[in-house]
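Numbering follows our numbering, with no gaps: position 153 of the sequence shown is 425. Let me begin by presenting the structure, written as structure tokens, before commenting on it.
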Amino acid sequence: MKLEEWLNEWYPKITRELKIDPREDQKAAFLLDKLVPEESIALKEASDLIHGRTCAVIGAGPSLRRVLPKVVKIDDSVWVCADGAARAFFESALIPHILVTDLDGGDELIEWCAKSGSILVIHAHADNVTKISQLVPKLVQKGARIIPTTQTKPIGKVRNFFGFTDGDRAAWFCHEMGASKIVLAAMDFGLRIGGYSKPRGYKLDRSRKLKKLRIGEELIKRLSKEACVCILKGSRRIAGIELCN
Numbered sequence: 273m274k275l276e277e278w279l280n281e282w283y284p285k286i287t288r289e290l291k292i293d294p295r296e297d298q299k300a301a302f303l304l305d306k307l308v309p310e311e312s313i314a315l316k317e318a319s320d321l322i323h324g325r326t327c328a329v330i331g332a333g334p335s336l337r338r339v340l341p342k343v344v345k346i347d348d349s350v351w352v353c354a355d356g357a358a359r360a361f362f363e364s365a366l367i368p369h370i371l372v373t374d375l376d377g378g379d380e381l382i383e384w385c386a387k388s389g390s391i392l393v394i395h396a397h398a399d400n401v402t403k404i405s406q407l408v409p410k411l412v413q414k415g416a417r418i419i420p421t422t423q424t425k426p427i428g429k430v431r432n433f434f435g436f437t438d439g440d441r442a443a444w445f446c447h448e449m450g451a452s453k454i455v456l457a458a459m460d461f462g463l464r465i466g467g468y469s470k471p472r473g474y475k476l477d478r479s480r481k482l483k484k485l486r487i488g489e490e491l492i493k494r495l496s497k498e499a500c501v502c503i504l505k506g507s508r509r510i511a512g513i514e515l516c517n
């Protein structure tokens, strides 16, 4: 995908459907750019880690606990967790190589990932400005390796690798970093919302969440047109995308 396709087709459609103000997204991107210093940027490190390798992109869907044992058996793979999916890794004494997050998966979990050595792909949007202000300075101070992203026009150090939900954005990120293959695990774009999707006590707008999941599924289908993508057996099927064991 080229940036023009994202900005002229996908992003306007998403902002209309979910009533997102692009100006507020842009403000969030400016803030994230301001808070993340150049020395914290880990883009080259992520590219070196991913290029030419298989990436297992792990979502927080209902099948997560079932498929996690299969994920760890994928030979020489890079583990890329979508936000709350990292909690299953924590519970299993596993550390994701990369965490893709818009900072709503739980502060303690994100800080644990950073401390454990995960690269943090931190996304800015209109709804997480407060969280960016509160958490990002702490992460920077503790030496976190960060890649800041946006869903609108790139600004400064903040990049746009496409994607909308943490899960499909993680898959697009792997593709943009040069992954040879992307294995989707627990990326269950259905009517059930996984228990790892949000931290305990988080007030979830179910209708809005399901809309986001549908958009995420559409973006995965779009990704499959230009990348080698398969679904780990045991995860929910996506029409047109093959299963892999």
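Note that CB positions come from ideal geometry on N, CA and C, so glycine has one too.
Cβ-based burial, residue i [other Cβ within 10 Å; buried from 16]
| i | result |
| --- | --- |
| N280 | exposed |
| G324 | exposed |
| G333 | buried |
| S319 | exposed |
| G428 | exposed |
| K285 | exposed |
| K274 | exposed |
Contacting residues, own chain, Cβ-Cβ under 6 Å from residue i (five flanking each side not counted)
| i | result |
| --- | --- |
| S335 | A458, D460, G506 and S507 |
| R431 | T421 |
| K403 | L375 |
| L515 | I503 and K505 |
| C500 | K453 |
| W278 | F434 |
| D355 | T373, G377 and D438 |
| P426 | N432 |
Alpha-carbon spacing of residue i relative to residue j, whole angstroms
| i | j | result |
| --- | --- | --- |
| I382 | E317 | 19 Å |
| I418 | A314 | 5 Å |
| T326 | S364 | 21 Å |
| P368 | E296 | 31 Å |
| K414 | S388 | 11 Å |
| S349 | I492 | 19 Å |
| D440 | G488 | 5 Å |
| S390 | R337 | 21 Å |
| L411 | V393 | 12 Å |
| L456 | C385 | 20 Å |
| A511 | E498 | 16 Å |
| R494 | A416 | 32 Å |
| R288 | W282 | 10 Å |
| F434 | Q423 | 7 Å |
| F302 | D379 | 22 Å |
| A443 | I370 | 12 Å |
| I330 | F361 | 10 Å |
| V401 | K345 | 38 Å |
| V352 | K484 | 20 Å |
Neighbourhood of residue i by C-beta distance below 7 Å, restricted to the same chain and skipping five residues each side
| i | result |
| --- | --- |
| A398 | I292, D293, E296, D297 and A300 |
| I322 | V350, C446, M449, G450 and A451 |
Own chain, CB closer than 8 Å to residue i, minus 5 neighbours either side, in chain order
| i | result |
| --- | --- |
| D245 | Residue 245 cannot be examined here, being either before or after the span of the chain that is shown, 273 to 517. |
| R480 | L290 |
| I513 | L456, I492, K493, S496, V501, C502 and I503 |
| L304 | I394, A396, I404, V408, P420, T422 and V430 |
Review point. When the Cβ atoms of the region 404-416 are set against those of the region 373-385, are three or more pairs found closer than 8 Å?
Key: yes
Exercise for review: List in chain order: all unbroken beta strand (DSSP E) runs of 3+ residues lying wholly within the region 429-457.
Suggested key: If we require 3 residues or more, the beta strand (DSSP E) runs fully inside the region 429-457 come out as 453-457.
Check your understanding: Are the region 341-350 and the region 303-310 touching, with three or more C-beta to C-beta distances below 8 Å?
Key -> no
Practice item. Give, in chain order, every unbroken run of the alpha helix (DSSP H) that is at least 4 residues long and sits entirely within the region 326-407. Key: 336-343, 358-363 and 379-388
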